[in-house]
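For the sequence shown, our numbering begins at 33 and goes up steadily by one.
Scroll down for the structure; my scribbles are underneath it.
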Amino acid sequence: PCYLVYTNERTHEIIRSNLHRAPLFTGFINGVGPRYCPSIEDKIVRFADKETHGLFLEPEGWQTNEVYVQGANTSLPEDVQMAMLRTIPALESVEMMRVGYAIEYDYVPPSQTQASLESKLVPGLFFAGQINGTSGYEEAAGQGLIAGINAALKVRGEPPLMLRRDQAYIGVMIDDLVTRELTEPYRLLTSRAEYRLLLRQDNADLRLSPIGYRLGLVSEERYHAVEKKRLDIAGELKRLAKAYFTPGNELDFQLQKYHIPPMERSVSALEFLRRPEVTYQLLNDIGYGNTDLGIDCREQAEIEAKYAGYIDRQMAEVERVRRLEERDIPPGFDYDAIHGFRIEARERLKHFQPATLGQASRIYGVTPADVAILMVHLERARCAEGAGS
């Protein structure tokens, strides 16, 4: 089990009186720390009005007595750390197995990295993890997966895997890294994804298994199981669209048990399922469901039915943006030769060297007007190249 304890005024006083010994405050460490997990000394200074701060005591494992103090990361010296911890109720006799510490690491500017995570300057060199300016958690793991895949594909002479923003959160993260200036360690949040209704955990297998299978990372057995699931969901949605509720005493009696008003007109089971108070389990209970369908397929069918309008709207937006993503910008494109650009747009495009019009459109400081100008010049170059050949 984990436990929750709290700092107190004695804890805060020890920290405040030793800030001159903390590298994070003396200037020895200058880098901007992660926004969502500040050090304990940073919390005491930034939130001086708070009388307590919560700390989680998390066991390191089943086979050890070591406990990690979550929320107390610090750059303070060992003696201060010990004094600070022993002011906290339940930790008065605590011993430290390992001292807390702070690090400052270098990173490769994102403008030097392609969306495949290969260096633009050193062919064959792939970067993943904190060196790309992210945290070292899920972000690093996701990059490691993509960098490893693309390193293998490069050796095999095959095109790289570059997931789009509408395909996976990994695609959102990498696109953010290569098109934006980093001012702090990057954390991937769901709010960063504009297509998060499509990037659900319940449909990850449907989204990514075909890609994994094509790359040899998903077994044939698993791939066929996912494709069967896809067909089962589509078949169930078609069945629900053709099955109709007819108003009548028997149906009204069944609905009354679930506090649902009587039907005033005939509706399809699919339309009925879209009601907020209706679940697929209710369809089963009143005899309109498919009891042979797996639980995960029922869940998918219900989600697809209830959010169909919103999903269709996002898919239409994806198709609109995809046209920009499919317009490649040649490596080393001469932005100085284009007239009509604002100075800021020209500088940022030269700095980031986007690979597609879609990437260019997401660079801060590049407006839709700049993208339109760039599109015209790319089209002219393509036509001139076609005429020349």
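Where a beta carbon is used, it is the ideal one built from N, C-alpha and C, also for glycine.
A quick note: this is a predicted structure, and the numbers were derived from the prediction, not measured.
- Taking a contact as a CB-CB distance under 8 Å, the pair Tyr139 and Gln162 counts as one, their CB atoms being some 7 Å apart.
- Taking the C-beta atoms as reference points, Arg53 is found no nearer than 8 Å to Ile76.
- With a cutoff of 8 Å on beta-carbon distance, Gln286 and Ile318 are scored as near each other.
- With a cut-off of 8 Å on Cβ pairs, the stretch 103-111 is in contact with the stretch 126-136, counting three or more such pairs.
- Between Glu213 and Tyr396, the C-beta spacing is below 8 Å.
- Closest by C-alpha distance to Asn62, out of Thr166, Thr215 and Pro362, is Thr215.
- Note: Thr399 is not bridge-paired with any residue in the DSSP secondary-structure output.
- Scanning its chain for C-beta atoms nearer than 7 Å, with the 5 sequence neighbours on each side dropped, one finds around Lys382 the residues Tyr367, in chain order.
- Within the model, the alpha-carbon separation for Pro121 versus Tyr38 is close to 8 Å.
- DSSP places Asp344 within a helical segment (H, G or I) once states are collapsed to three.
- Scanning the stretch 246-282 from its first residue to its last, the whole alpha helix (DSSP H) runs of 4-plus residues come out as 252-274.
- At a Cβ-Cβ threshold of 8 Å, Asn235 and Gln332 count as neighbours.
- Annotation for Pro91: the continuous beta strand (DSSP E) segment containing it runs Gly86 to Pro91.
- With respect to the 8 Å criterion, Val112 and Asn40 are not classified as neighbours on the basis of their beta carbons.
- The straight-line gap separating the alpha-carbon atoms of Cys329 and Val350 is approximately 25 Å.
- In the structure shown, Glu150 adopts extended strand secondary structure according to DSSP, grouped into three states.
- Straight-line spacing of the CA atoms in Glu83 and Tyr35 works out to 19 Å.
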